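Under my numbering, the first residue of the sequence shown carries the number 3, and numbering increases by one thereafter.
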Amino acid sequence: MSETNPSLAAIQQAVDADKLSTTAAANIRIWLTESRYAAYAPQVTEHIQADKWQALDDAFWTIIPFGTGGRRGRMYPIGCNAINDRTIGESAQGLANYVKSQVPKNVPLACAIAYDTRHRSVQFSRLCAEVMVAAGFKVFYLQGFRSTPELSFTVRYKHCSCGIMVTASHNPPSDNAVKAYWSTGGQLLPPHDQGVIDEVMSVDAINRVDFDQAVAEGRIEYCQTEIDREFIAAVVKLATSGPRDLKIVYSPLHGVGTTAVCPVLEQAGFKDVEVFALHAKPDGDFPNVPGNVSNPENPRVFDSIVEHARHVDADIAVATDPDCDRIGCSAPLTMAQDSEWDTLSGNQIGALLADHVLETRQQAGSLSAENFIVTTLVTTQLIRRIADSYGVRTIGDLLVGFKWIAEAIDEYGADKFLYGTEESHGYMAGQHVRDKDGAAGALLLCELAARLKANRQTLHEKLDSLYWQHGLHIERTVSVQMPGSEGMDRMREVMARFRAAPPKTLAGLALKQMRDYENLETVLPDGSKQALVGPLGDLVILDLAAEGNYVAVRPSGTEPKIKLYMFTFEAPEQLANLETAKSQLNKRLDAMEADMRKFAGV
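Below is the structure:
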């Protein structure tokens, strides 16, 4: 296509008229002129002729990154900044190319593939399978909606070289993604993450073998029946003996959860489980949840679930996100018939489950000082204090992301691992996966709730008892959306502002020090610096003068937003009235958030 092409001239005119960014223009020209994008050129031309400049700018202003976990974004039929056949195909091709370079030539290549209920998930999963087969991989394919942890299990169970999960987790209905897994069953870790990224970014041709042909030839194998059986059995192995008298209302939030949570609970002995009808249908539009975003981290998601749970006298309401790797819950505050209900935060569930796992292991006589649990730098310190009380190690100096928890499990000895968690409602126990598992989390949570019910206690009352024992911990996470090219610039500016001159006080508490994990240095208020031992990443933590009170700031690795994590603490010996202390710490969180937003300009 020559430079005299009317479309190319129109692109330059749009740039001159400020209707199109220069980066979008450059990428659009590539899609119009290079042979690898020939199939998409007619659609690009149609957009230009229709003056759809905003749509073109959104779709082309950058190249959607293949991050360390995969590629996630808004679906659109064209564009390098969208999820479509080209960007998904590139992702699979790049993964195949890199894995082949790492596996010895005499070792058979295999890839596990699964997908969730999102729009086009089936199509994208079949595309990935076609690419992997063309590259010489045997594909173990889970036909039908399945969970992300089941994909992780399949990689391990079938001894695959890698895995692909088609899901955008709890993102809006407009989005989809591919998540890439290594042979461990965990997401990509250094140096493999960068190796795959480099291959994805250099893909030219995308080679495919027809899906149905590959099935007929045995190069794609449907394995869902076998894997379902083995995966559910592996999760149920986590169960311990105890009460099962618990009425559960469960919501899959229009996702895949009924394929994992329901059979696990049933086989573990929980017979009174009702799937919330309003959210039962697999539906990529997520029609019956607030804002059509099926995120169990959002308390509003539970409004209709709890209303029904109270109507049927349930003991607990549980929900998982669309790919069933995260879990949330709501429960009565007390055992009174007319008790109010409240949702539990990810940190609160994480602490309750940590105590439950450690207590049951201690009662079984299988707990030792060699055992360990794993958390991250932005997960509540209540979990570490609980582990300390049982004489168990906590590996907590980790960046956000379950892949780092998975790495720590194998680094420190999987046979000694007990439990892993992060604040964003991810929980894991056992050896069957290397990722967070909503089914395992549901099992542990319902076990705990049933034990507490037998003792006339609720989850909230148990949490209060942990506060009395280990100190009051109240946390808050705030996400500030920053979409588009301007948003990326703003995120960089905000992080730079914190590093250059952090606030001297927050909520009336003086800054003690700043931990900068990008530069691996601790900066004191007088400007002096000390070396910081820890993981390398884009994270800043501001430690305040009062023990256990601090704030963390980081850009999200999967969505266009800055995340603010705020932590408050009152030592157990300083607690006189728990409700009064809760009120005071919540006011401190309000002040922290206001100060942080003002400083960051958000």
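Glycine included, each C-beta is placed from N, C-alpha and C at the ideal position.
As the structure is a computational prediction, the values presented were derived from the model and not from experiment.
Local conformation of Arg38 per DSSP, three classes: Arg38 falls in the helix class under three-state DSSP.
Indicate whether the contact test is met: 3 or more Cβ pairs, each with one atom in the region 240-247 and one in the region 119-131, closer than 8 Å. By the criterion of at least three beta-carbon pairs nearer than 8 Å, the region 240-247 is not in contact with the region 119-131.
Proximity to Asp540 [Cα-Cα], best of Gln15, Thr479, Asp518 and Asp466: Residue Asp518 is the option with its Cα nearest to Asp540.
Uninterrupted alpha helix (DSSP H) stretches inside the region 164-242 (no shorter than 4 residues): With a minimum length of 4 residues, the continuous alpha helix (DSSP H) runs that stay inside the region 164-242 are 194-203, 213-218 and 226-238.
Inter-residue spacing [alpha-carbon to alpha-carbon] between Ile80 and Val402: Near 32 Å, if we compare the C-alpha coordinates of Val402 and Ile80.
Using a 10 Å radius around the Cβ and a threshold of 16 neighbouring Cβ atoms, would you call Asp32 buried or exposed? Per the sequence shown, residue 32 should be read as Ile rather than Asp. By the Cβ-count criterion, Ile32 is exposed, with fewer than 16 other Cβ atoms from all chains shown falling within 10 Å of its own Cβ.
Within the region 461-524, note down every full beta strand (DSSP E) run reaching 3 residues or more, in order along the chain. Whole beta strand (DSSP E) segments, 3+ residues: 474-483 and 511-518.
Reducing DSSP to helix, strand and coil, say where Ser431 ends up. According to the sequence displayed, residue 431 carries Ala and not Ser. Here Ala431 sits in coil by DSSP.
Provide the residue span of the beta strand (DSSP E) that contains Lys283, from first to last. Element bounds for Lys283: n/a, residue is neither H nor E.
Can you confirm whether the region 74-94 touches the region 179-199 when touching is taken to mean that 3 or more C-beta pairs between the two stretches lie within less than 8 Å? Touching, per the Cβ criterion.
If you draw a straight line from the C-alpha of Ile351 to the C-alpha of Lys565, how long is it? Going from the Cα of Ile351 to the Cα of Lys565 covers about 20 Å.
Rounding to the nearest angstrom, what Cα-Cα distance links Ala137 and Ile199 in this structure? Computed Cα separation, rounded: 17 Å.
Just verifying my parser: in three-state terms, what is the DSSP assignment at Thr336? Note: Thr336 maps to coil in three-state DSSP.
Determine the extent of the alpha helix (DSSP H) in which Tyr392 is found, giving its start and end residues. That residue, Tyr392, is in no alpha helix (DSSP H); it is neither H nor E in DSSP.
Per DSSP, which residues does Thr345 bridge with? Please list them. In the DSSP secondary-structure assignment, Thr345 is bridged to Ser332.
How long is the line joining the alpha carbons of Pro557 and Asn588, rounded to whole angstroms? In a straight line, the C-alpha of Pro557 is about 24 Å away from that of Asn588.
Run the CB neighbour count on His462, radius 10 Å, all protein chains shown included, and call it buried at 16 or more, exposed below. With 16 or more Cβ atoms within 10 Å of its Cβ, His462 is classed as buried.
Compare the beta carbon distance of Cys162 and Phe147 with 8 Å and say whether it is the shorter of the two. Their beta carbons are not under 8 Å apart, which means Cys162 does not touch Phe147 by this criterion.
For Trp184, which option in Thr119, Gly72, Gly293 and Val251 has the closest C-alpha, if you only look at C-alpha atoms? It is Gly72.
Taking all protein chains shown into account, decide if Lys464 is buried (16 or more other Cβ within 10 angstroms of its Cβ) or exposed. Here Lys464 is buried: its Cβ has 16 or more other Cβ atoms, across all protein chains shown, within 10 Å.
Could you spell out the range, first to last residue, of the alpha helix (DSSP H) harbouring Met134? For Met134, the enclosing alpha helix (DSSP H) begins and ends at Ser123 to Ala136.
Using 10 angstroms around the beta-carbon of Ser4, count the other beta-carbons present and answer buried if the total reaches 16, otherwise exposed. No answer about Ser4 holds up, because its pLDDT of 44 lies below 50 and its placement is not dependable.
Beta carbon of Thr322 nearer than 8 Å to that of Pro265: Cβ atoms of Thr322 and Pro265: not closer than 8 Å.
Cβ neighbours of Pro292 in the same chain (closer than 8 Å, five flanking residues each side left out): The residues are Asn300, Arg302, Val303 and Asp305.
CB-CB under 6 Å to Asn349, same chain, minus the five flanking residues each way: which ones, in chain order? Excluding sequence neighbours, Asn349 sits near Thr382, Glu425 and Glu477.
Using alpha carbons as the reference points, say which of Leu526, Gln532 and Gly536 lies closest to Leu544. Checking every option, the nearest Cα to that of Leu544 belongs to Leu526.
Going by the DSSP bridge assignment, what does Lys140 pair with across the sheet? In the DSSP output, where bridge partners are listed per residue, Lys140 has Ala112.
Are the C-beta atoms of Val238 and some chain B residue less than 8 Å apart? The chain labelled as chain B is not found in the depicted structure, where only one protein chain is given.
Which stretch, first to last residue, makes up the alpha helix (DSSP H) that contains Val266? Counting along the chain, the alpha helix (DSSP H) containing Val266 begins and ends at Val263 to Gln269.
Rounded to the nearest angstrom, what separates Gln45 and Leu58 at their Cα positions? If I take the Cα positions, the gap works out to 11 Å.
Please classify Asp212: is it buried, with 16 or more other beta-carbons within 10 angstroms of its beta-carbon, or exposed? Residue burial is scored here from C-beta neighbours: Asp212 has fewer than 16 other C-beta atoms within 10 angstroms and is therefore classed as exposed.
When the Cα of Leu591 is compared with those of Val553, Leu577, Ala573 and Pro562, which residue comes out closest? Considering only alpha carbons, the answer is Val553.
Any non-hydrogen atom of the ligand PLP within 7 Å of Phe62 CB: Ligands displayed in this structure: none; no statement on the ligand PLP is therefore possible.
Between which residues of its own chain and Arg501 is the CB-CB distance below 7 Å, once the five residues before and five after are set aside? In its chain, beyond the 5 residues on either side, Asp518 and Val542 have a beta carbon closer than 7 Å to the beta carbon of Arg501.
So who's on the other strand from Tyr567, going by DSSP bridges? Bridge partners of Tyr567: Thr479 and Ala554.
Identity of the residues DSSP links to Arg77 by a beta bridge: Here the sequence assigns Met to residue 77, which means Arg is not the residue at that position. BP columns for Met77 point to Ile85.
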